[in-house]
Structures are given as C-alpha cells and as structure tokens.
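Only one structure is covered here, and it is reproduced in the block below.
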Amino acid sequence: MLVLSPGASFRPATTTKDVEGGFMTDASKTRPQRASVGEDQIFEMVRRYFLEDESKSDLARHFGISRFQVARLLKEARETGLVMISIRHPAQLSPEMGLDVAAALGIEHAIVVDRIPGSDQSTIEAVAHRLAIVLDDEIKPGQTVGMTWSRVIESMARQIRQLPTCEVVQLAGAIHLTGNRLGSVETIRIIAEAANGTAYPIYAPLVLQEAETARALARQPDIARSLARIEELDIAVVSVGAWRPSGSALYNLLTASEAEEIADKGACGEISGRLFDQHGRAIESELDRRVLGISVDQLRRVPRVIGTGAGAYRAQATIAAAKAGLFNTLIVDRSLAQAILDLAGSFTANA
Numbered sequence: 032m033l034v035l036s037p038g039a040s041f042r043p044a045t046t047t048k049d050v051e052g053g054f055m056t057d058a059s060k061t062r063p064q065r066a067s068v069g070e071d072q073i074f075e076m077v078r079r080y081f082l083e084d085e086s087k088s089d090l091a092r093h094f095g096i097s098r099f100q101v102a103r104l105l106k107e108a109r110e111t112g113l114v115m116i117s118i119r120h121p122a123q124l125s126p127e128m129g130l131d132v133a134a135a136l137g138i139e140h141a142i143v144v145d146r147i148p149g150s151d152q153s154t155i156e157a158v159a160h161r162l163a164i165v166l167d168d169e170i171k172p173g174q175t176v177g178m179t180w181s182r183v184i185e186s187m188a189r190q191i192r193q194l195p196t197c198e199v200v201q202l203a204g205a206i207h208l209t210g211n212r213l214g215s216v217e218t219i220r221i222i223a224e225a226a227n228g229t230a231y232p233i234y235a236p237l238v239l240q241e242a243e244t245a246r247a248l249a250r251q252p253d254i255a256r257s258l259a260r261i262e263e264l265d266i267a268v269v270s271v272g273a274w275r276p277s278g279s280a281l282y283n284l285l286t287a288s289e290a291e292e293i294a295d296k297g298a299c300g301e302i303s304g305r306l307f308d309q310h311g312r313a314i315e316s317e318l319d320r321r322v323l324g325i326s327v328d329q330l331r332r333v334p335r336v337i338g339t340g341a342g343a344y345r346a347q348a349t350i351a352a353a354k355a356g357l358f359n360t361l362i363v364d365r366s367l368a369q370a371i372l373d374l375a376g377s378f379t380a381n382a
C-alpha cells in the first residue's frame with residue numbers, strides 16, 4: 032500500500048550532492064544552478080514516480096533538475112512522511128464466526144477479520160481495508176455518510192482511493208493528533224475527496240470546558256451546517272470505545288478525576304463521545320452536555336450504522352453498544368469477536 036500525505040511537512044535539503052567519477056562532489060560546483068523545486072512540484076514528482084511509474088530520467092527532464100536530485104528528493108519524501116509504503120498481509124475472513132457474533136449481539140451483520148501476525152497496527156489496517164470494501168458496496172451515489180474518528184477510520188482514510196460519490200459528515204468534534212497522524216477534520220476531508228463529494232467538518236473540539244460553550248459553538252454557521260447534515264445520514268461509521276486509558280478518544284481528553292467520576296457512574300464504553308453502561312443505558316452527566324456531536328437518538332435513527340473495532344478489551348463495550356441499538360453492522364478482528372462470544376456466552380449461562 033502506498034500513501035501520499037499532502038499534509039506532511041517537507042523541507043528538501045538546501046545543499047545537493049552528486050556522484051561523479053566515483054567521488055562525492057558538491058553539485059553546485061560541477062553543474063549550473065538548477066531551477067528550484069517547490070513543495071507542490073515535489074508532491075507531483077512523487078505521485079508520478081510511485082503511482083504512474085515515470086522514470087527518474089523523465090522526471091529530471093520535466094522538472095529541470097538532475098536525476099540524482101530526483102533520487103534524493105524521492106528519498107527525502109519517504110523519510111519525512113510525504114510517502115508511506117506498507118505491505119498488507121492478505122487477511123482472511125471468518126464467515127462462520129461472523130454469523131455467530133451477529134446472532135450473539137442481535138444485529139444484522141458481522142464481519143470478522145483474522146488477526147494479522149505482527150503489530151496491532153497491521154490488524155487495524157486489515158479491519159480498515161475490509162471497512163473500505165464494505166463502504167464501496169454499501170454507499171449509493173448521492174447519499175450522506177457520517178464518520179467518527181478512530182484508528183481504524185484513520186487507517187481507512189490512508190488506504191482508500193475511491194468511493195461512490197457522497198457527502199461525508201463529521202459526527203463529533205475534532206480530535207487533533209501530532210506528527211503524521213490524521214486528525215478528525217483531515218480524515219473527513221480525505222474520505223470526501225475519495226468520494227468526490229462535499230466534506231462537512233466540525234471545526235471545534237470534541238469536548239468543551241463548559242456546556243454553554245458547546246451550545247454556543249453549535250450555533251456557529253459552519254458547525255451548525257455540519258450538525259444539520261447529521262439528520263440526513265444514510266450511513267454512519269463509528270468506533271466502539273472502551274472506558275479505559277487508550278481505549279477511548281474521549282477518555283484521553285479528560286482529567287484523571289473526570290474519567291474516574293464517569294467510571295463511578297458505571298460507564299462501560301462510548302461512541303462519538305456518548306457514554307453508556309454495560310446494559311446499554313446512556314450515562315447522564317455534565318460531560319454529555321459538553322460534547323459536541325451526534326446524539327444517541329440521532330445515531331439510532333440512521334438506517335445503516337457500521338460499528339468497528341479491534342482488540343479483545345473492547346468486548347464488553349461492544350456488547351453494551353449492541354444492546355443500546357447503536358449499530359446494526361459490525362466489522363472487527365478475530366480477538367474481539369472471540370471475546371464477544373465468550374462474554375456473551377457467560378451472560379447467557381448466568382441468566
């Protein structure tokens with residue numbers, strides 16, 4: 032998989048070195064000064080080399096620089112994150128386990144992706160790849176699709192090339208990430224570009240300090256326009272977060288005392304900032320009024336809601352979200368699927 036990241040910071044070196052006659056020499060002393068290459072041109076060079084198989088010699092002639100300079104710029108593009116290349120293991124599906132999970136949760140459809148040997152990120156990418164395939168099948172031209180942020184959905188944004196034409200709506204306030212990670216707004220824009228559709232981002236944080244601030248921001252024209260599109264959703268894609276450190280994007284935005292207070296109220300998990308307990312009942316708190324985004328009732332009204340997740344630790348939260356009726360399709364990895372079946376089985380045995 033090749034990903035070009037237009038948002039990556041790229042600053043080519045100010046000096047160039049070339050090989051001549053087997054020795055390293057300063058290129059500026061052995062050649063006339065070449066025309067400078069701007070960041071937009073570098074992105075175009077990278078795109079043509081990696082996606083269109085254009086040779087370094089042809090690129091050198093086109094951009095008026097040496098072939099060695101082209102090679103150096105391509106190398107720097109990878110080092111700075113402008114280009115990211117990964118090898119995706121051909122993950123297999125477990126259809127029978129998917130049927131078992133759907134039956135256990137009482138939902139329409141579940142897809143189980145075999146866990147990929149190696150890092151957790153490889154498994155996340157495999158779940159994201161299957162999500163992209165499902166969306167390509169599910170979306171009808173002209174529909175409105177809502178997206179929350181998660182590692183799976185971020186990974187899908189990096190992988191996806193094309194979707195049926197649709198509007199893409201951000202379901203909850205923004206999460207900003209550092210480095211080469213894609214935050215909420217960037218993820219929505221990339222997916223909308225792949226769908227050749229309009230993006231409706233939310234330029235405000237997921238959780239505000241005061242409930243009144245959240246209400247005031249919701250009235251701002253751009254944000255109000257995006258929130259209004261939530262009522263028109265045909266499909267929503269969400270992630271089931273577990274109420275624990277690193278298990279939920281919302282959890283990590285709170286102070287330790289705030290997170291503990293929510294846990295004391297019985298919080299089991301969250302979707303798009305909306306909390307619920309192990310029985311699927313909404314957690315009422317001041318925090319709920321400080322979150323900017325789709326409500327539980329709005330989510331339940333969406334015809335098709337696709338839940339996603341990876342990791343066995345999300346099992347209880349996923350079961351609770353299913354009880355709450357917050358998704359009707361689920362795409363997960365095998366470890367989460369097995370944990371759901373084990374936990375659902377223990378509930379049945381103790382009933």
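Anchor point for the sequence shown: position 177 equals 208 in the working numbering, and the numbering is continuous, going up by one each time. Think of the CB as a built atom: it goes at the ideal place given N, C-alpha and C, for glycine as much as any other residue. This structure is a prediction, so every number in the text was calculated from the model and none was measured.
query	result
Residue interval of the beta strand (DSSP E) (run including leucine 306)	305–308
Residues near serine 215 in its chain [Cβ-Cβ closer than 7 Å; skip 5 each side]	Trp180, Gln201, Ala205, Ile206
Residue range of the unbroken beta strand (DSSP E) whose run includes glutamine 174	174–178
Inter-stretch contact (C-beta, 8 Å, three-pair minimum) for the stretch 318–325 and the stretch 334–350	no
Backbone secondary structure at serine 366 - three-state DSSP	helix
Endpoints, the beta strand (DSSP E) within which serine 270 is located	266–270
Straight-line gap, asparagine 16 to asparagine 211 (C-alpha atoms, nearest Å)	Since the first residue of the chain shown is 32 and the last is 382, residue 16 is not available in this structure.
Proximal residues to leucine 239 (C-beta, below 6 Å), its chain only, five neighbours per side dropped	Ala245, Arg321
Top-ranked residue by Cα proximity to glycine 338, from Met76, Asn359, Arg256	Asn359
Beta-carbon proximity of alanine 273 to alanine 348, cut-off 7 Å	yes
Identity of the residue in Gly297, Asp151, Gln190, Ala91 nearest serine 316 by Cα	Gly297
Three or more C-beta pairs below 8 Å linking the stretch 136–144 and the stretch 367–377	yes
Selection from Leu374, Val101, Thr286, Pro334 that minimises the alpha carbon distance to isoleucine 73	Val101
Backbone secondary structure at isoleucine 147 - three-state DSSP	coil
Bridge-paired residues (DSSP) for alanine 280	In the DSSP output, where bridge partners are listed per residue, alanine 280 has none listed.
Continuous alpha helix (DSSP H) stretch holding arginine 103: start and end	98–110
Alanine 58 in three-state terms, based on DSSP	In this prediction, alanine 58 scores a pLDDT of 41, lower than 50, which makes its location untrustworthy; the coordinate-derived value is nonetheless stated afterwards. Reduced to three states, the DSSP call for alanine 58 is helix.
Nearest candidate by alpha-carbon position, reference valine 183, set Val68, Tyr231, Leu213	Leu213
Rounded Cβ spacing between valine 336 and leucine 357 (contact assumed at less than 8 Å)	7 Å
Nearest candidate by alpha-carbon position, reference glycine 3, set Glu110, Met115, Asp131, Lys87	Any question about residue 3 goes unanswered here, given that the chain covers just 32 to 382.
Per-residue burial, leucine 82 [other beta carbons within 10 Å of its own, 16 or more giving buried]	exposed
Any alpha helix (DSSP H) of 4 or more consecutive residues that is wholly inside the stretch 289–362	317–321, 327–332, 346–354
Alpha-carbon to alpha-carbon, lysine 87 and valine 269	42 Å
Rounded C-alpha distance that separates aspartate 89 from arginine 103	15 Å
Distance CB(isoleucine 325)-CB(leucine 162) smaller than 7 Å	no
Inter-residue spacing [alpha-carbon to alpha-carbon] between alanine 108 and isoleucine 138	45 Å
Assumed close pair alanine 203, leucine 237 - CB separation to whole angstroms, cut-off 8 Å	5 Å
Threonine 209 burial status per 10 Å Cβ neighbour count (16 or more: buried)	exposed
Sequence-distant residues of its chain with Cβ nearer than 8 Å to isoleucine 371 (five each side left out)	Val132, Ala135, Leu136, Ala346, Thr349, Ile350, Val363
Residue of Asp84, Ile222, Pro334, Ser153 minimising C-alpha distance to proline 195	Ile222
With 16 other Cβ atoms within 10 Å as the buried cut-off, status of glycine 173	exposed
Buried or exposed by the 16-neighbour rule on C-beta atoms within 10 Å, applied to arginine 92	exposed
7 Å Cβ cutoff met for glycine 177 and leucine 264	yes
Same chain, Cβ closer than 7 Å to proline 334, five either side skipped, listed in chain order	Asp265
Extent of the continuous alpha helix (DSSP H) to which valine 77 belongs	70–83
For valine 200, the first and last residue of its enclosing beta strand (DSSP E)	197–201
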